[in-house]
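Top to bottom, those sequences are chains L and B.
When we follow my numbering, the leftmost residue of the first sequence carries the number 1, and every step to the right adds one.
When we follow my numbering, the leftmost residue of the second sequence carries the number 1, and every step to the right adds one.
Since the structure comes first, as structure tokens, the remarks are kept for the end.
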Amino acid sequence: MTDEIFTLQGKPILIKRLTLRGWAELETLKQEMDEFVKSKEFDGYYKKLIKFIQVTSNVEDVDWDTVAWYDALNLYSLAITKNHPTIDFPVLTGSKEQSQKLPWEYTGRAWYFWLHLFASNYGWNETTIGEIDIDTAIGLYQEILLSEQLEKEWEWGLSEIAYPYNSSTKKQEYKAMPRPDWMLPMAPAQQPTIRIRKDMMPVGNIVNLSKPPKEKISGI
Amino acid sequence: MVSKILNFPDAMKLAQIITKYFDTESIKEMTGEEFGYKLFDVLDQDEILQVASLLLGDEATSMKPREIIVGSVEGLVKNNLFDLIQAYQEVGIK
């Protein structure tokens with residue numbers, strides 16, 4: 001992906017696509033901006049927005065107090081678009097449940113999450129992990145989750161939990177392990193045509209009442 | 001007095017005042033002048049002073065009412081008010 005150029009106060013600003021290390025910092029900035037939105041602090045939100053632009057570009061010596069609001073937002077929007085995954089990964093589709101802040105979450109955790117994920121699964125070092133592209137990171141993350149889910153399903157199938165007792169049928173019936181939303185089957189775009197067997201169709205003469213009855217030929 | 005193009009924090013403060021009374025649906029068919037008169041009809045005195053000082057600077061307090069209205073309307077047009085309200089709603093600070 002080529003770098004984008006934006007002109008601000010007569011100076012060319014180059015927006016870059018960051019690797020995983022930089023992208024983790026952007027995710028932290030986005031979380032901080034969300035916090036400022038909740039507490040309605042315009043100034044704090046704007047400082048983080050400027051920081052977001054500075055991290056993704058070569059911008060220097062700009063008096064941000066004199067930058068027009070639409071220029072600042074356009075630059076921010078460009079930086080977001082540039083550093084967004086280019087592939088529509090199923091794992092990124094939103095969950096129906098609203099995520100609550102977990103006790104172990106903190107500002108800046110994103111980088112350590114990715115570092116731990118790839119170091120423990122592939123044995124890579126910090127430098128290698130920091131240089132991965134965003135699409136590669138998310139694609140590998142999805143594959144890791146998929147492998148973990150399928151392994152858990154295999155272990156689930158071997159345990160008693162998978163066969164709960166049904167008191168109405170008096171039998172143990174298999175209950176599949178729940179899957180996350182992004183792994184559930186998608187509804188087909190077009191419903192399949194269902195053919196009915198001829199011997200299951202209604203029997204007897206079919207009278208078409210929408211047309212008038214044919215006149216009998218005289219003499220017969 | 002020349003109205004100014006606002007930076008981001010000031011633009012959001014302006015949008016916060018205006019969106020109390022208007023949204024993009026209600027203003028999309030209006031001209032700048034129509035909107036200006038409707039706006040100053042609904043704002044209270046403090047809000048008028050806030051809008052005027054954002055768009056015209058500190059000198060707005062010594063201006064005549066008609067100058068304030070005309071200067072502010074010019075400032076709202078300069079700052080692409082429709083896009084500003086949309087941006088404010090998308091940012092989500094309410």
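Glycine residues also receive a C-beta, built at the ideal position from the N, C-alpha and C atoms.
Coil, strand or helix - residue i by DSSP
i, result
"GLN172 (chain L)", "strand"
"LYS11 (chain L)", "strand"
"SER57 (chain L)", "strand"
"GLU105 (chain L)", "coil"
"TYR76 (chain L)", "helix"
"TYR165 (chain L)", "strand"
"GLU131 (chain L)", "coil"
"ILE5 (chain L)", "strand"
"ASN121 (chain L)", "helix"
"HIS116 (chain L)", "helix"
"PRO90 (chain L)", "helix"
"PHE22 (chain B)", "coil"
"ILE220 (chain L)", "With a pLDDT of 42 at ILE220 (chain L), under the threshold of 50, the modelled position of that residue is not reliable, and the figure given next carries that caveat. Here ILE220 (chain L) sits in coil by DSSP."
"GLY57 (chain B)", "coil"
9 Å Cβ cutoff met for residue i and residue j
i, j, result
"THR28 (chain L)", "TRP114 (chain L)", "no"
"ILE93 (chain B)", "VAL51 (chain B)", "no"
"ILE15 (chain L)", "ILE87 (chain L)", "no"
"THR107 (chain L)", "GLU32 (chain L)", "yes"
"GLU25 (chain L)", "VAL55 (chain L)", "yes"
"THR7 (chain L)", "ILE134 (chain L)", "no"
"TYR46 (chain L)", "ALA68 (chain L)", "no"
C-alpha distance - residue i paired with residue j, whole-angstrom precision
i, j, result
"ILE80 (chain L)", "GLU34 (chain B)", "36 Å"
"SER26 (chain B)", "GLU126 (chain L)", "54 Å"
"PRO9 (chain B)", "PHE40 (chain B)", "22 Å"
"GLY219 (chain L)", "LYS198 (chain L)", "Residue placement at GLY219 (chain L) is poorly supported in this model, since its pLDDT is 46, which falls under 50; the coordinates still yield a value, given next. Distance between the alpha carbons of GLY219 (chain L) and LYS198 (chain L): 37 Å."
"THR66 (chain L)", "GLN191 (chain L)", "57 Å"
"SER3 (chain B)", "LYS38 (chain B)", "19 Å"
Neighbourhood of residue i by C-beta distance below 7 Å, restricted to the same chain and skipping five residues each side
i, result
"ALA11 (chain B)", "ASN79 and LEU84"
"GLU47 (chain B)", "ILE17"
"ASP23 (chain B)", "ILE85"
Close beta carbons around residue i, own chain, < 6 Å, minus the five adjacent residues each side
i, result
"VAL77 (chain B)", "GLY32"
Chain-ordered neighbours of residue i on chain D, where CB pairs are closer than 8 Å
i, result
"ALA72 (chain L)", "The structure shown contains no chain D; its protein chains are L and B."
8 Å CB neighbourhood of residue i in its chain, flanking five on each side removed
i, result
"PRO212 (chain L)", "none"
"ILE5 (chain B)", "LYS78 and ASN79"
"ILE144 (chain L)", "LEU117 and ASN121"
"GLN172 (chain L)", "TYR163, PRO164, TYR165 and ASN166"
What residues from the stretch 45-66 of chain L come within 8 Å of chain B, judged by C-beta to C-beta, listed N to C? Taking 8 Å as the Cβ-Cβ cut-off against chain B, the residues of the stretch 45-66 of chain L that qualify are TYR45, TYR46, LEU49, TRP64, ASP65 and THR66.
Residues of the stretch 77-106 of chain L in Cβ contact with chain B at a cutoff of 8 Å, in chain order, please. Result list empty, no residue passes.
Interfacial residues, the stretch 70-93 of chain B to chain L, with Cβ spacing under 8 Å: Residues passing the 8 Å Cβ filter: ASN79, ASN80, ASP83, LEU84, ALA87, VAL91, GLY92 and ILE93.
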